[in-house]
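In my numbering, the protein residues as written are 1 to 311.
For every residue, glycine included, the Cβ atom is placed at its ideal position computed from N, Cα and C.
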């Protein structure tokens, strides 16, 4: 392993974890309330461009922000049918909202909030998962194996499920969503914010049709780790990239999205060298505010000169 890899990742994660002590609570818990009748995350328009339901995505961002920074009472004030579950070994927790619109069960995982969570983040050496049939992030796999028997008894297999989370919670949502899919649960969507990579190329091919929507603030440092080289990590699902204050872009192999011929290689090392990377832009409140700006001032889809970060 190259020493700069470890130092760089440790610096990012050890900075991010204490930052959760800063008050970033949601000022109005009703921001997490889903009121729109359209529960689709995104749709293709007749002109072959895309429209993302940012109003709905903001609701999920607010859920994640409340999970990380607000009291349980705040969540219960919006969704009285919420169950709170603790995972003591890895010191994490999740909410199960029994009905967050159209009878959809929604699991909200907490992000990194303590040193034990940082240890989970840093336990990133790839490990083969017999269940997932590919190499995955070892720390997230251990966490999913702990939380599964605690969480699963509270899920109704006859109703659709959505999962969401930011940072560490995003990694858990993405991986546990695969657990549930493989066991026949109706995983309707997984919406993550600032998600690190969780699996290898073999996994991406296995789960390329997974209903994963990765919301990515373009310069978010955590979305670029663990790096592809030397560990082999890749992203999968649909990447919805918040490019700037006016535009968004996306990438998804299965939907035939193509990038411009002069696409910028946006891997971890290039981003680091060009200083095209930010820790501040990883925080869930920054994600929320950027999308709120889209709603207030309008947003356009464009084919951005961006490709998968590991390429």
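Distance, Cα to Cα, residue i vs residue j?
i	j	result
residue 200	residue 206	10 Å
residue 225	residue 196	6 Å
residue 178	residue 36	27 Å
residue 209	residue 181	11 Å
residue 131	residue 175	11 Å
residue 286	residue 280	8 Å
residue 302	residue 29	32 Å
residue 57	residue 89	31 Å
residue 238	residue 185	20 Å
residue 140	residue 31	29 Å
residue 222	residue 48	31 Å
Taking 9 Å as the CB-CB cut-off, is residue i touching chain D?
i	result
residue 70	Of the protein chains in the structure, only one exists, and it is not chain D.
Near residue i, which residues of its chain fall below 6 Å by C-beta distance, leaving aside the five closest residues on each side in sequence?
i	result
residue 106	97, 100, 162
residue 60	164, 191
residue 55	36
residue 34	59, 100, 101
So, for residue i: in the same chain, excluding its five sequence neighbours on each side, which residues have a beta-carbon less than 7 Å away from its beta-carbon?
i	result
residue 246	299, 300
residue 103	159
Say the cut is 8 Å; is the CB of residue i nearer than that to a heavy atom of the ligand HEM?
i	result
residue 250	Within the structure as shown, the ligand HEM is missing, as the structure has no ligands at all.
Would you mind reading off the limits of the beta strand (DSSP E) that contains residue i?
i	result
residue 239	238-242
residue 283	Run containing residue 283: none; DSSP gives neither H nor E here.
Using a Cβ-Cβ cutoff of less than 8 Å, which residues in the same chain neighbour residue i once the five nearest sequence positions on both sides are dropped?
i	result
residue 50	42, 43, 44, 250, 301
At what residues does the alpha helix (DSSP H) containing residue i begin and finish?
i	result
residue 97	First-last for residue 97: 92-97, but that is the beta strand (DSSP E), not the alpha helix (DSSP H).
| task | Mind the definition here: the region 66-74 touches the region 127-139 only if three or more C-beta pairs lie below 8 Å; say whether that holds. | result | no
| query | Any contact of the region 209-219 with the region 77-84, i.e. 3+ C-beta pairs under 8 Å? | reply | no
| query | Counting pairs of beta carbons, one from the region 283-302 and one from the region 225-238, are three or more of them closer than 8 Å? | reply | no
| query | Quick one: complete alpha helix (DSSP H) runs, 4+ long, within the region 187-236? | reply | 201-206, 228-231
| task | Note down, one range per segment and in chain order, each alpha helix (DSSP H) of at least 4 residues found wholly within the region 120-165. | result | 138-151
| field | Contiguous beta strand (DSSP E) assignments of at least 3 residues, all confined to the region 40-83 | value | Counting only runs that start and end inside the region 40-83, the beta strand (DSSP E) elements of at least 3 residues fall at 42-44, 50-52.
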